[in-house]
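Everything below concerns the one structure shown next.
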Amino acid sequence: MADELPLNLKEPNLPKYDGTTDPQEHLSCFENIALLHRYTAGVKCRVFVNTFTRLAQQWFNQLPSGSIRSFGEFWSLFLHHFASSK
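Note that our numbering has the sequence shown beginning at 692, numbered continuously upward.
See below:
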């Protein structure tokens, strides 16, 4: 998704997700921040990936370019992949 990042973008104050803890908790915290700052769906996609580190970043990097068409699809893939990390 190619939404422009706002000039006044506030990065989420959220611990980095490394793939070893509950992905639903991470997503819920991110969604609350995104709602507060009124991120569009495209901005959510671009900002959410920046909350990843280690295994989560590796997982994202191996996804084919252009394979995510919406934030809903992104979080669904994310939750499915890391479901066993709860």
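Glycine is no exception: its CB is placed at the ideal position from the N, C-alpha and C atoms. The model shown is predicted, which means the values in this text are computed figures rather than measured ones.
DSSP places residue 740 in no alpha helix (DSSP H); its state is neither H nor E. As DSSP reads the structure, residue 708 sits in a beta bridge with 743. In the displayed model, residue 754 falls within coil according to three-state DSSP, outside both helix and strand. DSSP places residue 716 within a helical segment (H, G or I) once states are collapsed to three.
Nearest neighbour of residue 697 by Cα position, chosen from 772, 770, 730, turns out to be 730.
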